[in-house]
Structure formats: structure tokens, C-alpha cells
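Colleague: First, the structure itself, so that you have it in front of you.
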Amino acid sequence: MNDFDYLGEGEVYLDAACQSLRPRPVIEALEKYYVKHNSCGERVKYEWGKITDSLVEETREKVLKFLKLSPRKYTTSFTLNTTYGINLILSQIDAKHFDKIMTSEIEHNSPFLASLAFSERTGLPREVMKRNEDGSIEISDYDFTKAIVVVNCAANFDGRKLLNIKEYCKAIHKAGGILIIDAAQAMAHSSDILKGVEVDAICFSAHKMYAPSLGVIVWRDDLLRYLEPLWLGGGMVDDVEKEKFVLSAENKEHRYTRFESGLQAWGEIVALGEAIDWLEHLPKKDWQNLEKNTEEIYEFLNSSPKVHLINKKPNPTMSFYVEGLDSHLLGEALSRENIMARTGYFCVHYYLDHVLGLPPLIRFSFGVHNRPEDVEKIKMVMKNVI
Ligand SMILES: Cc1ncc(COP(=O)(O)O)c(C=O)c1O
């Protein structure tokens, strides 16, 4: 694909689940910010600032539109990454409104540890739920009464999804709980799972959806009633006296400032808007190419007798180990052939190491930048190595 024309011949990048490669239009949007309207958003009256303000505003709107959520109910705030977003929300939630915090066994350390820290800090009990092989959760197995639930809607080692997210969200709300979704792995290739589902907050990393490094929190305005502001500073207040202040977030128009202390990554925010347009206009053939590459490699790995694949079905993200072969050594061998894949537990230590008892794994995560020749090369090199 031309938008990744900087990829050298034979370079096979298989780490899209960590950071997708950025397409040219996104890189150009970022560069344009630096060379055409480098300016601080929301504060300045000169022309460059007005351009930045209008593009940042557009990105906020595009995020909600992409997720099919109404601006009447939801707000978009920018942060650093998914981890920061989840921790930021949990650090502001006043525990007195809730009875417990719940997460699931297949989580990235990001919600897993943040929920653990929340429980230790507040004294609220923490429950770790099981996930079915398809990624769903047995709703009837759990009591969500006044629970803060933090789970992913797509896993980062095999892409399994929270298939019953709608019913799940309903059950949690009915019981007086709230649902915070880690959508880090959903936004690039599986956003359909989330669209229009009225959860309480969604945290994701723009760098995993073909955009620059940036975090996003999409939050339901109702969440405000549970929050106590803790992180304060520039860009968040309308007035400050010696001992008191007025939060800008109290003005409905500026409620996004609730999670945006200090100067933001304006260029990255603008370029996220470009990435959303780019993703939404991606030709069908590019999606088909991703699907085909994924299926071919899934079949190849599944039919190799020594390969133990974690995936039960094809997904652009696949993890496995090879019998008798250390995954880290395999990763290095692949690297010598210019194949860039990840090894280890991918920050899912609890589930992969302690629940499943697996050895360190190797992960191939594909993106729309991958070419058919990548697949051929992977097969050839893997055959030789194994
Ligand atoms: C499912 C999931 N959640 C959270 C994260 C954390 O993302 P970040 O490091 O961008 O905060 C990742 C990163 O890979 C992830 O895959």
C-alpha cells in the first residue's frame, strides 16, 4: 500500500498491536501542524491557534462519530495512552459510591494493575472474572451491584472479543455499576464491537490505530457525579483565588478539560483526526488483504505440528510457541531476517503465565500495511527456523 511506502524491501513489521505503522497522510498532518500552525490550543487568539482549535475540535467530534456515540451524552478527552487514561479515571473515582472493583483474567497489566492498586488504596474488594474462550463473560455468574468494572473488549494476545458487551453493559447498569472499557486493541481493526454501546468510559491508544502516540478517554457525562478532581493545573480552571478555584469542567462546553491538565499534544490530536478519516476511507481491498494475510498465517501456524497456537480462530493478532524452541531466541532469529515480532507475555503475565502456565510466547500482529510477500517470507523463514 502506498501510504506505507517508507517500508524497506523485506522489512516485515508484525508489531501493530503495540504500535501501528503510521500512514503517510497521518505523518503529513503531524508535520503540517509543526510547520504551518504550531500553536497552543484553547488559549491563543492568533490565527495559527485558531486553526489548531478548529482541528482539535474536529478530532473530538470524529472520535465520537467513529464510535457512534452522541455528543449530547459523551465527551472526548486526550491523555497519554490507555494506561494513563484508566489510571486517571480510577484515581478520580470517589470509592464511597461503590461496593467493589471487577476486572477479568485476560487483561493487559494496564487495567489489571490499576484495579489492584485501586482496591489496595480504597479498601474496596476486587474480583477477577473468568472469560470464555470466545472472549465473552458469563453475566449470570457475577453480581455487579455497585461495581466498577474495568475490562477489555479485545485481547492483545489473540484478539478475542467481549462478544456480549451490550448485554454485559446493560446488566452492570441495572445493578448500579459502571463499565470502563479498555479498547486499546479494538480501535484499529475491531471497532464494530464497541460502536453505539453506551458504556461509561472507553480508554484507548491512538498509536494502535494508525495515529501518533496519544491516549483518549471517551466518557459518559454521567461519570462526572462520581469524580473528585485530583490532577489540577493549567488549562483546567476558569478562575483562581488564593484558596479556591473554579474548574472549567463545570461549564458543560469545557467538560473535556476534566482529564486534560496542562498543555496537550495538539499536533498528535490533529493527526488522530486524520487517522480516523483514513481508517474510515480505507478501500475494501485493504481490509480484504488484512483478512487474507491473517487467515493464511493462521492456517500455516495451525497446521505446523510443533506450533502451539493460542488463537482459536484467525485474528490479525496471533500468539504461539514452538515446541522445544525458546520464543525469545525465535524472535531474534526472525529479527535477523528483518521480521519484527514480539516475544514474552505482552503484559498479560497473570493469564498467560499463571492461569494457563504457558512458556513465553511469540506474537505476530498484522496491520493493513502488511503485503502478500510478507506472508510468503514469514512462511519460508518459519519453515527454515522450525
Ligand atoms: C489490551 C491493551 N490494553 C492496554 C494496553 C496499554 O496500552 P498503552 O501502553 O498504550 O497504555 C495495551 C497495550 O498493548 C493493550 O494491548
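Heads up: take any position in the sequence shown, counting from 1, add 519, and you land on the working numbering. Every residue gets a Cβ at the ideal spot worked out from N, C-alpha and C, and that includes glycine.
How close, in whole Å, do the beta carbons of K896 and I858 come, if the pair is a contact with beta carbons under 8 angstroms?
Modeller: 7 angstroms
Colleague: Ligand 1 and A730: does the residue's C-beta get closer than 7 angstroms to at least one heavy atom of that ligand?
Modeller: no
Colleague: Helix, strand or coil for M899, going by three-state DSSP, please let me know.
Modeller: helix
Colleague: Beta-carbon within less than 8 angstroms of C624's beta-carbon, same chain only, minus the 5 sequence neighbours each way: which residues are those?
Modeller: Strictly speaking, residue 624 in this sequence is Glu, with Cys absent from that position. Within the same chain, E624 has close Cβ partners V647, M648, K649, R650, Y869, Y870 and V874.
Colleague: Sort out for me which residues DSSP pairs W797 with in a bridge.
Modeller: Looking at the DSSP assignment, W797 forms no beta bridge with any residue, so it has no partner.
Colleague: Taking 7 angstroms as the line, does the beta carbon of S838 fall inside it for any heavy atom of ligand 1?
Modeller: No.
Colleague: Do you know whose CA, among Y552, I667 and K898, lies nearest S823's CA?
Modeller: Ranking Y552, I667 and K898 by Cα distance to S823 puts K898 first.
Colleague: Within 10 Å of its beta-carbon, does H616 have 16 or more other beta-carbons around it, so buried, or fewer, so exposed?
Modeller: exposed
Colleague: Go to N671, then tell me how far its beta strand (DSSP E) extends in each direction, as first and last residue.
Modeller: For N671, the enclosing beta strand (DSSP E) starts and ends at A666 to N671.
Colleague: Could you please give the first and the last residue of the uninterrupted beta strand (DSSP E) stretch that includes T598?
Modeller: Y593 to T598
Colleague: Could you work out which residue in D534, I691, Y565 and D613 is closest to T641 when comparing CA atoms only?
Modeller: D613
Colleague: Which first and last residues belong to the beta strand (DSSP E) in which W738 is found?
Modeller: Start and end: G734 to R739.
Colleague: Would you say the beta carbon of H726 is closer than 7 angstroms to some non-hydrogen atom of ligand 1?
Modeller: For H726, the shortest separation between its Cβ and any heavy atom of ligand 1 lies below 7 angstroms.
Colleague: Expressed to the nearest angstrom, what Euclidean distance is found between the alpha-carbon atoms of L586 and L698?
Modeller: 16 angstroms
Colleague: Distance, Cα to Cα, N521 vs S884?
Modeller: 20 angstroms
Colleague: Hey, would you say the C-beta of A707 is under 7 angstroms away from at least one heavy atom of ligand 1?
Modeller: no
Colleague: Between H868 and ligand 1, is the CB less than 7 angstroms from at least one heavy atom?
Modeller: no
Colleague: Output the distance between the C-alpha atoms of E561 and G753, rounded to the nearest integer angstrom.
Modeller: 11 angstroms
Colleague: Hey, L682 and S655: beta-carbon distance below 8 angstroms or not?
Modeller: yes
Colleague: Does the beta carbon of S924 fall short of 7 angstroms from some heavy atom of ligand 1?
Modeller: Look at the range of the chain in this structure, 520 to 905, and you will see that residue 924 is not part of it.
Colleague: So, does the region 805-812 touch the region 885-895, judging by three or more C-beta pairs under 8 angstroms?
Modeller: The way I'd put it, the region 805-812 does touch the region 885-895; three or more beta-carbon pairs between them come closer than 8 angstroms.
Colleague: Beta-carbon within less than 8 angstroms of I712's beta-carbon, same chain only, minus the 5 sequence neighbours each way: which residues are those?
Modeller: Excluding residues within five positions, the ones whose Cβ falls inside 8 angstroms are C672, A673, K680, L681, L682, I684 and A705.
Colleague: Going by alpha carbons, who is nearest to G734 out of V531, A707 and A784?
Modeller: A784
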